[in-house]
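J.:
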Amino acid sequence: MNAPPLVCPACDKPMAPGGSKSGFDLWWCAGCGMARADVRGREAEIAAAYREMTARQGSPGASAYVRDAAANRAKSERFAARVIARHGRPDRVLDVGAGYGFLTAAFARAGCVVTAVEPDGARAAAVRALGAGPRVRVVADFLSAAHVAEADPDLVLCQDVVEHLPDPAAVLGCFREAIRRPARFCIRVPNMASWGSRRMGAAWWFMSPPEHLSFFTPAALRGMLERLSHRVEEIATVAETGELTNVLAHLLKRIAGRAPPTDFGGGETGRQPVYFAPQARRSAVGRAARALLWPAAATLRPVMAAFMRGDNLHSVSVLEPAAAPAASASGAQARGARP
Ligand SMILES: [Zn+2]
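So in my numbering, spot 212 of the sequence shown is number 214, and the numbers just go up one at a time.
1) With 16 other CB atoms within 10 Å as the buried threshold, where does R340 fall?
2) Is A12 near ligand 1, in the sense that its beta carbon is under 7 Å from a heavy atom of that ligand?
3) Using the C-alpha atoms, what's the distance from L253 back to F144?
4) Since I86 is in the alpha helix (DSSP H), which residue starts that stretch and which ends it?
5) Just how far apart, CA to CA, sit V141 and R94?
6) What runs of the beta strand (DSSP E), each 3 residues or longer, lie entirely inside the stretch 177-251?
7) Which residues does DSSP list as the beta-bridge partners of N314?
8) Any idea if K15 is buried or exposed, counting beta-carbon neighbours within 10 angstroms, 16 or more meaning buried?
9) Please confirm whether L157 has its beta-carbon closer than 8 Å to some beta-carbon of chain B.
10) Can at least three beta-carbon pairs, one atom from the stretch 150-159 and one from the stretch 182-197, be found at a separation below 8 Å?
11) Please classify N193 as buried or exposed, where buried requires at least 16 neighbouring CB atoms within 10 angstroms.
12) Within 10 angstroms of the Cβ of Q274, are there 16 or more other Cβ atoms? Answer buried if so, exposed if not.
13) How is the beta strand (DSSP E) around G123 delimited, first residue to last?
14) Please work out which residues of its chain come closer than 7 Å, Cβ to Cβ, to A324, disregarding the five sequence neighbours upstream and downstream, and give them in chain order.
15) Where do the ends of the alpha helix (DSSP H) carrying P19 lie?
16) Given D40, which residues of its chain have a CB within under 8 Å of its CB, disregarding the five upstream and five downstream residues?
17) Which one or two residues does DSSP pair with R256 in a beta bridge?
18) Flag C194 as yes when its Cβ comes closer than 7 Å to any non-hydrogen atom of ligand 1, and as no otherwise.
19) Rounded to whole angstroms, how far is the Cβ of R137 from the Cβ of A110, which I believe are closer than 8 Å?
20) Could you compute how far the alpha carbon of A12 sits from the alpha carbon of A195?
21) Would you identify the three-state DSSP class for L157, choosing helix, strand or coil?
22) Determine the extent of the beta strand (DSSP E) in which F26 is found, giving its start and end residues.
23) To the nearest angstrom, how far is the alpha carbon of V318 from that of A82?
24) List the endpoints of the continuous alpha helix (DSSP H) containing R111.
25) Run through the DSSP bridge pairs and tell me what V164 is partnered with.
26) Helix, strand or coil for G175 per DSSP?
27) Please state the DSSP three-state secondary structure of L145.
28) Label D265 either buried or exposed according to how many other C-beta atoms from any shown protein chain fall within 10 Å of its C-beta, with 16 as the threshold for buried.
29) Let me check you understand the geometry: is the CB of M209 closer than 7 Å to at least one non-hydrogen atom of ligand 1?
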């Protein structure tokens, strides 16, 4: 391999190449366990994959996010209520990668002014359509320092966004010069040190380049945030029933000799990355098996949650503005997120 090594965003050290998934080479950090997919020279291919996904989903109405609108809305309301109960009501929120806008709407309903940054046109339209009123401003673009400065946030939401970025530190690095007051960040990324990830390796459902490109462990997320001058208040994981169902389904498939490979040898190259595959493609047998496993997983969950590390990593951190504000915050462009 002639390309220079990718650098760990947490440790700032060269990473080592090792295996691949879905045709993308992976690089690993020996220090913190972080992994990154190598996308160099493949940006156009990734943009095309996202366009294909959007086209396949048809309208935002065809997306699982919107089909489960009531559940997503309730989940977002609970999240907003938790954040506000814990840290007080933020004044201005920046929702990075707002998706279909459930969180944007929840914080707007709670009385916050919210800027929703969402590069995908159909999703940006969905955020607008959710109709959270004059307190919401939608920016249909990739995040830039200029957008941050304009949003002037005291709360930044990055939920299920950072893992999509080929260079997360570059994108999150645009904040420090652009904010004018301390901002609290609530970040959620898949946890590569989870119980499911440890057991399933390459078959882990979040290991899905080119959709997901950066894979964090708790140490990696903390390390990256601290390198970016954040004061980390909390790093936590929660095991949910769905991931237990997935692990149980994988173990059953393994007994039946039908489990996908868990090593990173690249043998699964032809397989569709999980998220890009339409949900309807899951076989009737697979869906039935999961439905049967659900009660078992739900029963086990409280026990397992006590000692297993869940699939999602939540962090809360605070970033202070740079001591001497830059003359022009719009100079640095950070592009990334969902093409
Ligand atoms: Zn590292």
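Glycine is no exception: its CB is placed at the ideal position from the N, C-alpha and C atoms.
T.: Straight from the coordinates:
1) In the sequence shown, the residue the question calls residue 340 occupies position 338. Note that R340 has pLDDT 39, beneath the 50 cutoff, so the model's placement of it is unreliable and the number below is only indicative. Buried.
2) As a working note, residue 12 is residue 10 in the sequence shown. Checking the Cβ of A12 against ligand 1 gives yes.
3) Locating residue 144 in the sequence shown gives position 142, where the first residue counts as 1. Locating residue 253 in the sequence shown gives position 251, where the first residue counts as 1. Straight-line Cα distance between these residues: approximately 39 Å.
4) Locating residue 86 in the sequence shown gives position 84, where the first residue counts as 1. Per DSSP, I86 belongs to the alpha helix (DSSP H) from 71-89.
5) Your numbering for residue 141 matches position 139 in the sequence shown. Your numbering for residue 94 matches position 92 in the sequence shown. For V141 and R94, the distance between alpha carbons rounds to 15 Å.
6) 185-192, 232-240
7) Taking the sequence shown and counting its residues from 1, one reaches residue 314 at position 312. DSSP lists P192, V240 as partners of N314.
8) Translated into positions along the sequence shown, residue 15 becomes position 13. Result: exposed.
9) In the structure shown, chain B cannot be found, because there is only a single protein chain.
10) yes
11) As a working note, residue 193 is residue 191 in the sequence shown. It is buried - the Cβ of N193 has at least 16 other Cβ atoms within 10 Å.
12) Taking the first residue of the sequence shown as position 1, residue 274 is located at position 272. Summary for Q274: the model assigns pLDDT 45, below 50, so the residue's position carries little reliability; its value from the coordinates is reported in the next sentence. So Q274 counts as exposed.
13) As a first step, residue 123 is located in the sequence shown; it is residue number 121 there, counting from the start. Looking at the DSSP string, G123 is not in any beta strand (DSSP E); the run it does join, the alpha helix (DSSP H), is 123-131.
14) If you number the sequence shown from 1, residue 324 lands on position 322. Result list for A324: R178, E179, in chain order.
15) Within the sequence shown, numbered from 1, the residue matching residue 19 stands at position 17. Element bounds for P19: not the alpha helix (DSSP H) but the beta strand (DSSP E), 18-23.
16) The count along the sequence shown starts at 1 and reaches residue 40 at position 38. Closer than 8 Å at the Cβ level, and outside the excluded window around D40, lie A5, L8, P19, F26, D27, L28, W29.
17) Residue mapping note: residue 256 aligns to position 254 of the sequence shown, counting from 1. DSSP lists no partner for R256.
18) Sequence index remark: in the sequence shown, residue 194 carries index 192 (1-based). It should be noted that the sequence gives Met, not Cys, for residue 194. M194 Cβ: outside cutoff for every heavy atom of ligand 1.
19) Reading the sequence shown from its first residue, position 135 is the one you call residue 137. Reading the sequence shown from its first residue, position 108 is the one you call residue 110. So it is a contact: roughly 5 Å between Cβ atoms.
20) Mapped onto the sequence shown, residue 12 falls at position 10. Mapped onto the sequence shown, residue 195 falls at position 193. Their backbone Cα atoms lie some 15 Å apart in a straight line.
21) Within the sequence shown, residue 157 is the residue found at index 155, counting from 1. Of the three classes helix, strand and coil, the one that applies to L157 here is strand, per DSSP.
22) The sequence position of residue 26 within the sequence shown is 24, counting from 1. 26-30 is the extent of the beta strand (DSSP E) around F26.
23) In the sequence shown, counting from the first residue as 1, residue 318 sits at position 316. In the sequence shown, counting from the first residue as 1, residue 82 sits at position 80. If I take the Cα positions, the gap works out to 13 Å.
24) In the sequence shown, residue 111 corresponds to position 109, counting from 1. Looking at the DSSP string, the run of the alpha helix (DSSP H) that includes R111 is 104-111.
25) In the sequence shown, residue 164 corresponds to position 162, counting from 1. Beta-bridge pairing links V164 to no other residue.
26) In the sequence shown, counting from the first residue as 1, residue 175 sits at position 173. G175: coil per DSSP, three-state reduction.
27) The residue labelled residue 145 in the question sits at position 143 within the sequence shown. Coil.
28) Numbered from its first residue, the sequence shown carries residue 265 at position 263. Counting Cβ neighbours within 10 Å, D265 comes out exposed, since fewer than 16 surround it.
29) Here residue 209 refers to the residue found at position 207 when the sequence shown is read from its first residue. Incorrect: M209 has no Cβ contact closer than 7 Å to ligand 1.
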